[in-house]
């Protein structure tokens, strides 16, 4: 009798307690894009305060532009898709001509050219005068990095030139991209460059995957020109891509390096970079990386896409807790962007074999629920 009375008291107390909050669930939406999408960028393209998305479609030489429609939804922009040059393999969204509108820059694989589309302020794009721009890279380019690398106030564009073992830069100015600069590296840069202020001088440096000697190299400003930095990072695998982001909240640019079947994280300190605990993290077929705050803790997280498979590997928080989320087949174009304005970034994945863009809201949560895909 006594046990029954105690049980009844416990049940009564539990009934008075509020229910535990439900765990957030992931949500997935899909959008049709062009042929073989391989790269994604997000920016406010039409000036309405919402983030928009551009997808580089390598098979048909186009860019699909999707505008934010509120609530995290996207809709096709008028005139989309836009011509983006031969086999666009990478895309950057940045204000090239300093008119306040975000323009689009594309690396054209199997060529040495960069295509530039200028924005009219309403997300309608036309080729810039002189576009596509010849870089002289050999045998062709794979990706690009855009920033004011020389500190003159104008956007510059850096590309890889693996055969000549150098970085080639198109320097920006009032007349657009023009002056060409070659920076010898002593290693083969391959395949995607990055941009971040690793020197701490307020100017972004070019981050270079040194493929032939398993290093990360830096190209930084020296006076009015650019040159390779004396320091480098030695890796235990061949690098394919380097990205810079503050991953621990100390306001220094850390490094994320895509290596063969792994991703390594290097934390910045006063004496250089030190590898994060647990790094390198195994990711079979690692091809693409994106960074951004996925869980709303104001610390950048890491997403890594594989060449084969359907899962994206996430490294979350300061501790870089690893987990996987199913996205789509061959998610080799990735971006993180807060499309719905809730402080938590969505994961954007270009599905190269499906001609789709997948948007995952709360990708750190399970299980995922699939919403109807707009057509």
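Numbering (this note's numbering), first residue to last: 3 to 377. From the three backbone atoms N, C-alpha and C, an ideal C-beta is built for every residue, glycine too.
Taken in chain order, the complete beta strand (DSSP E) segments of 3 residues or longer contained in the stretch 224 to 265 are 227 to 230, 241 to 247, 256 to 261. Apart from the 5 residues on each side of it in sequence, residue 150 sits with its Cβ closer than 8 Å to the Cβ of 156, 157, 158, 174, 205, 206 in its chain, given in chain order. In this structure, DSSP gives residue 151 a state outside helix and strand, which the three-state scheme calls coil. Non-local beta-carbon contacts of residue 123 in its own chain, meaning distances under 7 Å to residues more than five positions away in sequence, involve 49, 103 in chain order. For a cut-off of 8 Å, the C-beta gap from residue 165 to residue 185 is around 15 Å, too long to register as a contact. Straight across, the Cα-Cα distance linking residue 291 with residue 176 is about 33 Å.
Taken atom to atom, the span from the alpha-carbon of residue 43 to that of residue 196 is near 14 Å. Under the Cβ criterion (8 Å, minimum of three pairs), the stretch 95 to 112 counts as touching the stretch 140 to 148.
As computed with DSSP, residue 53 is found in no beta bridge at all.
Taking C-alpha positions only, residue 60 is separated from residue 303 by approximately 27 Å. Note on residue 352: 16 or more other CB atoms within 10 angstroms of its CB, so buried under the neighbour-count rule.
Cα atoms of residue 300 and residue 248: separation of roughly 10 Å, rounded to the nearest angstrom. Annotation for residue 273: no beta strand (DSSP E) segment contains it, and DSSP assigns it neither H nor E. Residue 66 is bridged by DSSP to 57. As summarised for the stretch 328 to 365, the continuous beta strand (DSSP E) elements at least 3 residues long and confined to that stretch are 333 to 339, 348 to 353, 358 to 363, given in chain order. The distance from the Cβ of residue 112 to that of residue 89 is about 5 Å, consistent with a contact at the 8 Å cut-off. Look at residue 133 here: in three-state DSSP terms it is coil, with no helix or strand label. Counted as a single uninterrupted DSSP element, the beta strand (DSSP E) harbouring residue 196 occupies residues 196 to 198. When secondary structure is reduced to three states using DSSP, residue 285 falls in the coil class, being assigned neither helix nor strand.
Cβ-Cβ distances below 7 Å link residue 82 to 66, 67 in the same chain, with the five nearest sequence neighbours on each side left out; the list follows chain order.
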